[in-house]
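Quick mapping for you: the protein sequence lines, in order, are chains A and B.
For the first sequence, position 18 matches number 18 in UniProt numbering, and the numbering has no gaps at all.
For the second sequence, position 208 matches number 208 in UniProt numbering, and the numbering has no gaps at all.
Think of the CB as a built atom: it goes at the ideal place given N, C-alpha and C, for glycine as much as any other residue.
Before any comments, here is the structure.
Number of protein chains: 2
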Amino acid sequence: MTPEQPRSSDRHHVVIVGAGFGGLEATYRLAGAPVRITLLDRRNHHLFQPLLYQVATASLATSEIAWPIRYLLRGRPEVTTLFATVSGVDVQGKRVLLDDGDSLPYDTLILATGVRHAYFGHDEWEPFAPGLKTLEDATTLRRRILVAFERAERETDPQRRAALLTFVIVGAGPTGVELAGTIAELAKDTLPPDFRNIDTRSTRVVLIEAGPRVLAGFPDDLSAYAQRSLESLGVEVMLNEAVTECSADGVVYGGKTLQARTLIWAAGVRASPAAEWLGAPHDRAGRLQVNPDLTVSGHPDIFAIGDTVAIDGPDGKPVPGIAPAAKQQGRYVAQTIKARLRGETLGPFRYRHSGSLAQIGKHKAVIDFGRFKLRGAIAWWIWGIAHIYFLIGLRNRLSVAISWLWIHARDQRAARLITQGSSKVAR
Amino acid sequence: MTPEQPRSSDRHHVVIVGAGFGGLEATYRLAGAPVRITLLDRRNHHLFQPLLYQVATASLATSEIAWPIRYLLRGRPEVTTLFATVSGVDVQGKRVLLDDGDSLPYDTLILATGVRHAYFGHDEWEPFAPGLKTLEDATTLRRRILVAFERAERETDPQRRAALLTFVIVGAGPTGVELAGTIAELAKDTLPPDFRNIDTRSTRVVLIEAGPRVLAGFPDDLSAYAQRSLESLGVEVMLNEAVTECSADGVVYGGKTLQARTLIWAAGVRASPAAEWLGAPHDRAGRLQVNPDLTVSGHPDIFAIGDTVAIDGPDGKPVPGIAPAAKQQGRYVAQTIKARLRGETLGPFRYRHSGSLAQIGKHKAVIDFGRFKLRGAIAWWIWGIAHIYFLIGLRNRLSVAISWLWIHARDQRAARLITQGSSKVAR
Numbered sequence: 001m002t003p004e005q006p007r008s009s010d011r012h013h014v015v016i017v018g019a020g021f022g023g024l025e026a027t028y029r030l031a032g033a034p035v036r037i038t039l040l041d042r043r044n045h046h047l048f049q050p051l052l053y054q055v056a057t058a059s060l061a062t063s064e065i066a067w068p069i070r071y072l073l074r075g076r077p078e079v080t081t082l083f084a085t086v087s088g089v090d091v092q093g094k095r096v097l098l099d100d101g102d103s104l105p106y107d108t109l110i111l112a113t114g115v116r117h118a119y120f121g122h123d124e125w126e127p128f129a130p131g132l133k134t135l136e137d138a139t140t141l142r143r144r145i146l147v148a149f150e151r152a153e154r155e156t157d158p159q160r161r162a163a164l165l166t167f168v169i170v171g172a173g174p175t176g177v178e179l180a181g182t183i184a185e186l187a188k189d190t191l192p193p194d195f196r197n198i199d200t201r202s203t204r205v206v207l208i209e210a211g212p213r214v215l216a217g218f219p220d221d222l223s224a225y226a227q228r229s230l231e232s233l234g235v236e237v238m239l240n241e242a243v244t245e246c247s248a249d250g251v252v253y254g255g256k257t258l259q260a261r262t263l264i265w266a267a268g269v270r271a272s273p274a275a276e277w278l279g280a281p282h283d284r285a286g287r288l289q290v291n292p293d294l295t296v297s298g299h300p301d302i303f304a305i306g307d308t309v310a311i312d313g314p315d316g317k318p319v320p321g322i323a324p325a326a327k328q329q330g331r332y333v334a335q336t337i338k339a340r341l342r343g344e345t346l347g348p349f350r351y352r353h354s355g356s357l358a359q360i361g362k363h364k365a366v367i368d369f370g371r372f373k374l375r376g377a378i379a380w381w382i383w384g385i386a387h388i389y390f391l392i393g394l395r396n397r398l399s400v401a402i403s404w405l406w407i408h409a410r411d412q413r414a415a416r417l418i419t420q421g422s423s424k425v426a427r
Numbered sequence: 001m002t003p004e005q006p007r008s009s010d011r012h013h014v015v016i017v018g019a020g021f022g023g024l025e026a027t028y029r030l031a032g033a034p035v036r037i038t039l040l041d042r043r044n045h046h047l048f049q050p051l052l053y054q055v056a057t058a059s060l061a062t063s064e065i066a067w068p069i070r071y072l073l074r075g076r077p078e079v080t081t082l083f084a085t086v087s088g089v090d091v092q093g094k095r096v097l098l099d100d101g102d103s104l105p106y107d108t109l110i111l112a113t114g115v116r117h118a119y120f121g122h123d124e125w126e127p128f129a130p131g132l133k134t135l136e137d138a139t140t141l142r143r144r145i146l147v148a149f150e151r152a153e154r155e156t157d158p159q160r161r162a163a164l165l166t167f168v169i170v171g172a173g174p175t176g177v178e179l180a181g182t183i184a185e186l187a188k189d190t191l192p193p194d195f196r197n198i199d200t201r202s203t204r205v206v207l208i209e210a211g212p213r214v215l216a217g218f219p220d221d222l223s224a225y226a227q228r229s230l231e232s233l234g235v236e237v238m239l240n241e242a243v244t245e246c247s248a249d250g251v252v253y254g255g256k257t258l259q260a261r262t263l264i265w266a267a268g269v270r271a272s273p274a275a276e277w278l279g280a281p282h283d284r285a286g287r288l289q290v291n292p293d294l295t296v297s298g299h300p301d302i303f304a305i306g307d308t309v310a311i312d313g314p315d316g317k318p319v320p321g322i323a324p325a326a327k328q329q330g331r332y333v334a335q336t337i338k339a340r341l342r343g344e345t346l347g348p349f350r351y352r353h354s355g356s357l358a359q360i361g362k363h364k365a366v367i368d369f370g371r372f373k374l375r376g377a378i379a380w381w382i383w384g385i386a387h388i389y390f391l392i393g394l395r396n397r398l399s400v401a402i403s404w405l406w407i408h409a410r411d412q413r414a415a416r417l418i419t420q421g422s423s424k425v426a427r
């Protein structure tokens with residue numbers, strides 16, 4: 001665009017791995033800098049993870065919360081988007097290694113590779129209690145939830161039918177709370193008129209949490225409110241209970257066995273292997289320990305941001321693994337790179353907590369803005385408007401607004417589809 | 001609802017296998033009859049197949065053209081919907097056999113089990129040239145099409161890159177024509193600004209047809225118009241060419257090899273195994289040969305309707321395998337069952353051809369209403385309005401209208417998602 005720029009291949013080359021909230025924000029904020037950028041992701045889409053639980057519960061379609069990464073950057077000729085999987089980093093040669101044998105040189109590297117759910121040494125539980133991080137995770141959960149009701153409709157044995165109509169969510173953070181509330185509403189409001197042999201209102205939704213309260217990241221009173229709201233939706237909240245076994249039959253916790261055919265894991269995460277690629281220090285969850293300027297120790301040309309990083313905020317508490325934190329870090333790193341190219345330096349990264357939000361069913365939410373707290377219907381409206389605001393593009397905003405309108409006005413959920421499995425192969 | 005009805009289990013039991021256009025229409029039209037109905041399908045959703053090619057080409061989301069079957073019948077307490085796969089029929093015992101060992105008694109049976117795509121004795125071609133009949137087929141094609149562009153962006157060898165940017169569609173019926181036109185527009189209008197290393201406008205879309213013209217079911221002049229329109233979109237139309245080989249490298253036709261990494265099969269269908277279940281006469285494509293009242297010979301209590309049936313219309317030509325034909329047959333069978341329960345009989349089924357429509361790219365269509373024919377932009381508007389009209393529910397009509405508006409106004413396609421495969425596993 002600007003005529004006097006050097007040939008693009010001579011420019012400082014920033015390689016960004018991961019097009020989540022952090023990686024995408026860094027790419028956006030590097031606009032206008034004298035760099036060329038390569039953005040790598042092993043998916044072709046950026047995912048709006050805060051609403052992923054709504055895909056898992058048939059409320060939203062996959063395409064309503066995902067955008068092709070290269071489409072988002074179509075107006076940025078200096079950005080090349082590559083659909084590729086990173087397998088390591090050659091820090092000496094300054095190259096990113098790809099799983100197909102290719103590699104890519106970098107001048108500056110930004111690792112924004114996120115997390116997966118983790119089973120604390122019990123990976124054998126994953127087939128029975130899948131987690132929720134990707135679109136495929138969401139459509140898998142959606143299939144399992146919907147198939148459980150379908151199979152219950154055909155089951156004549158009361159015990160097996162009860163197990164099919166028991167849904168267990170392990171972990172009562174925002175994802176667990178939001179899943180539990182939405183599944184309860186699906187069973188109580190959306191599905192009853194559609195079934196003949198079962199009363200879906202008899203569905204049990206059990207939320208098991210190892211800690212002493214739900215939404216541990218929120219103030220005590222909002223946690224208590226969230227628990228009461230869940231219980232009024234019919235969710236059974238079990239606190240201070242550690243799950244000791246997940247199997248095809250159900251879960252074991254506190255020595256008790258709960259027969260359930262659908263388990264969902266929302267209890268913990270493990271960072272991507274970025275720390276292994278670099279041989280760099282990390283915490284127990286695999287998160288990279290970074291310098292105050294978000295560079296990796298001994299590698300001033302490598303930044304790490306987002307969920308894959310462990311760093312403390314100004315209040316001494318860990319920066320939470322949420323979208324606004326990743327975006328702040330992406331913005332900070334972009335500014336740091338721009339400053340360096342001008343020969344300047346910036347102060348350390350300072351996290352500013354803007355607030356925490358969680359939805360509890362279709363009419364309630366809790367919001368903690370620090371200075372003020374909100375709960376109930378008004379909080380739900382703020383929650384809804386904020387999420388529509390943060391979606392990308394008018395088309396998806398319209399589409400999600402219509403989907404929510406139908407859920408609220410008619411208890412009709414847009415995407416009750418069982419895919420990747422006919423009745424023959426569906427578990 | 002009506003107080004004096006007999007206990008529902010004493011009622012005449014109609015079992016309907018398949019909730020496509022025919023099976024669903026029969027269910028709707030039996031409303032008010034003194035029967036109870038069980039509707040079986042191995043999918044949980046009714047699919048609007050005429051727009052399936054738009055899911056395959058990233059224009060529409062899966063949930064925009066599919067509805068949970070039991071939701072559509074929520075207001076009909078005498079209808080039980082079961083998510084189940086039929087494996088046979090015990091005509092002596094009058095029972096439908098399910099693949100899990102269960103069975104279901106019927107008084108009257110309606111088979112509306114449809115077709116799959118067929119390879120004319122070359123089933124080994126299926127992995128290389130998938131067809132398009134289910135939602136999973138559509139998301140598989142979508143993944144292959146989008147991955148081909150992604151891999152071309154990273155490919156440096158010119159020959160391999162050209163093969164990645166060559167898309168071959170085998171069969172120039174409505175599905176083949178609609179796929180070819182839409183892929184050409186995707187490459188020419190939607191994708192160019194998003195790629196840096198390739199010019200997606202250099203994409204080749206090749207439509208191979210064994211017969212002498214495209215859209216063989218339409219009048220000659222509309223076929224010629226459709227071919228010209230496709231060619232103006234850049235589609236290469238090869239007529240009178242039989243494909244003799246499909247492989248990972250491409251296709252062979254007329255002794256020539258065309259290197260292509262993406263092949264799509266739109267060349268033929270084979271009926272579901274309903275004829276095998278009954279040991280009844282069928283044509284070469286496996287379609288049941290039925291009596292003029294759509295009953296199966298020797299089985300007056302078994303009807304067969306829709307694509308799985310071969311029957312001639314009043315003009316002596318075969319009834320086409322399209323949605324309006326299946327719906328007419330579903331309606332006729334419902335009326336026949338009602339008449340029989342009153343002790344009456346109806347005359348034979350008479351097919352009335354209401355018209356044929358096909359879209360060619362986003363601004364043109366051809367319509368053959370028999371008495372009058374239409375082509376071009378006005379035909380496209382009629383095509384679009386007709387398809388939105390036949391969608392079910394205001395929500396999906398709104399949603400599809402918005403999706404089409406964005407395609408037309410901004411060349412932005414709603415669902416450019418590669419799912420069920422990261423860059424690591426995507427072919």
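* Taking C-beta to C-beta, are THR57(A) and THR182(A) nearer than 8 Å? -> Yes.
* Asked: To which residues does DSSP link GLN359(A) through a beta bridge?
  -> GLN359(A) pairs with ALA365(A).
* List the endpoints of the continuous beta strand (DSSP E) containing ARG143(B). => Where ARG143(B) is concerned, there is no enclosing beta strand (DSSP E), although the alpha helix (DSSP H) it sits in stretches over 135-154.
* To do: Compare the C-beta of TYR119(B) against all C-beta atoms of chain A and say whether one is closer than 8 Å.
  => Cβ-Cβ to chain A under 8 Å: no for TYR119(B).
* Asked: Sorted by chain position, which residues of the same chain lie with C-beta nearer than 7 Å to PRO314(A)'s C-beta, five sequence neighbours on each side aside?
  -> In chain order, ARG350, TYR351 place their CB closer than 7 Å to the CB of PRO314(A), counting only its own chain and leaving out the 5 sequence neighbours on each side.
* Near-chain B residues of the segment 55-72 of chain A (beta-carbon distance less than 7 Å), N- to C-terminal order -> Of all residues in the segment 55-72 of chain A, ALA61, THR62, SER63, ALA66, PRO68, ARG70, TYR71 have a Cβ within less than 7 Å of some Cβ in chain B.
* **Contacts of GLU150(A) in chain B (Cβ-Cβ under 7 Å)** => Contacts between GLU150(A) and chain B, judged by CB atoms closer than 7 Å, involve ASN44, PHE83 in chain order.
* Is the segment 58-78 of chain A touching the segment 149-169 of chain A, taking contact as three or more C-beta pairs under 8 Å? -> Counting Cβ pairs under 8 Å, fewer than three are found: no touch.
* Asked: Are the C-beta of ILE392(A) and some C-beta of chain B separated by less than 8 Å?
  -> False, the Cβ-Cβ gap to chain B never drops below 8 Å.
* Does any CB atom of chain B fall closer than 8 Å to the CB of ILE402(A)? -> Residue contact check for ILE402(A) against chain B: a CB pair falls below 8 Å.
* Proximity test, Cβ basis, 8 Å: ASP293(B) and chain A -> No, its Cβ sits nowhere closer than 8 Å to a Cβ of chain A.
* Ends of the beta strand (DSSP E) at residue 433(B)? -> Chain B is shown from 1 up to 427; residue 433(B) falls before or after that span and cannot be answered.
* Consider the Cβ of TRP406(B): report whether some Cβ of chain A lies at a distance smaller than 8 Å. => Cβ-Cβ to chain A under 8 Å: yes for TRP406(B).
* Asked: Should GLN412(A) be labelled buried (16 or more other beta-carbon atoms within 10 Å of its own) or exposed?
  -> The residue is buried, with at least 16 neighbouring Cβ atoms inside 10 Å.
* Please decide whether PHE195(B) counts as near chain A, where near means a Cβ-Cβ distance under 8 Å. => The Cβ of PHE195(B) sits closer than 8 Å to at least one Cβ of chain A.
* Euclidean distance between Cα positions of HIS82(B) and ASP189(A) -> What sits at residue 82(B) in the sequence shown is Leu, not His. Cα to Cα, the separation comes out at about 20 Å.
* Taking all protein chains shown into account, do 16 or more other C-beta atoms lie within 10 angstroms of the C-beta of THR156(A), making it buried, or fewer, making it exposed? -> Exposed, by the Cβ-count rule.
* Return the CA-CA distance between LYS327(B) and ALA334(B), expressed in angstroms with no decimal places. => Rounded to the nearest angstrom, the two C-alpha atoms are 11 Å apart.
* **Beta bridge counterpart(s) of GLN259(A) as assigned by DSSP** => DSSP lists GLY250(A) as the bridge partner or partners of GLN259(A).
* How about VAL269(A): is its C-beta nearer than 8 Å to some C-beta of chain B? -> Interface criterion not met: the Cβ of VAL269(A) is under 8 Å from no Cβ in chain B.
* Find out if the Cβ-Cβ distance for the pair ALA266(A), VAL235(A) is shorter than 8 Å. => In this structure, VAL235(A) does not lie closer than 8 Å to ALA266(A) by Cβ.
* **Beta carbon proximity, GLN49(A) to chain B, threshold 8 Å** => No, no contact with chain B.
* Within-8 Å CB hit, ALA339(A) to chain B -> With 8 Å as the cut-off, ALA339(A) does not count as an interface residue toward chain B.
* Taking Cβ-Cβ distances shorter than 9 Å, what residues in chain B pair up with LEU39(A)? -> Per Cβ cutoff of 9 Å: no residues; LEU39(A) is ~11 Å from chain B at best.
* To do: Taking 8 Å as the cut-off, decide whether the C-beta atoms of ALA358(B) and PRO174(B) are in contact.
  => In contact: ALA358(B) and PRO174(B) (Cβ atoms closer than 8 Å).
* How would you label SER403(B), buried or exposed, when you count the other beta carbons within 10 angstroms and need 16 or more for buried? -> Residue burial is scored here from C-beta neighbours: SER403(B) has at least 16 other C-beta atoms within 10 angstroms and is therefore classed as buried.
* Asked: Any Cβ of chain B within less than 8 Å of the Cβ of THR419(A)?
  -> Taking Cβ atoms only, chain B reaches closer than 8 Å to THR419(A), which makes this a yes.
* Asked: Out of curiosity, what's the CA-to-CA distance linking residue 435(A) and TYR225(A)?
  -> A query on residue 435(A) cannot be resolved here, the shown segment of chain A reaching from 1 to 427 and no further.
* Is THR190(A) helix, strand or coil by DSSP? -> In this structure, THR190(A) counts as helix in the three-state DSSP scheme.
* Asked: Are the CB atoms of VAL243(B) and VAL237(B) nearer to each other than 8 Å?
  -> Judged by their CB atoms, VAL243(B) and VAL237(B) are not nearer to each other than the 8 Å cut-off.
* To do: Give the C-beta separation of ASP199(A) and TYR71(B) to the nearest angstrom, bearing in mind that I take them to be a contact with Cβ-Cβ under 8 Å.
  => Contact annotation, ASP199(A) with TYR71(B): C-beta distance approximately 17 Å; criterion of less than 8 Å not satisfied.
* **Per DSSP, the bridge partner or partners of HIS13(B)** => Partner(s): ARG36(B).
* Should TYR389(A) go down as buried or exposed, given a rule of 16 or more other Cβ atoms within 10 Å for buried? -> By the 10 Å Cβ count, TYR389(A) comes out exposed.
* What residues of chain A sit near LEU135(B), judged by a beta carbon separation below 8 Å? -> Chain A residues near LEU135(B): LEU417, THR419.
* Just by C-beta distance, which residues in the segment 150-168 of chain A are closer than 9 Å to chain B? -> Those would be GLU150, ARG151, GLU153, ARG154, in chain order.
* Asked: To the nearest whole angstrom, what separates the beta carbons of ASP123(A) and GLY131(A), a pair I think is in contact under 8 Å?
  -> The Cβ separation is near 11 Å, so there is no contact.
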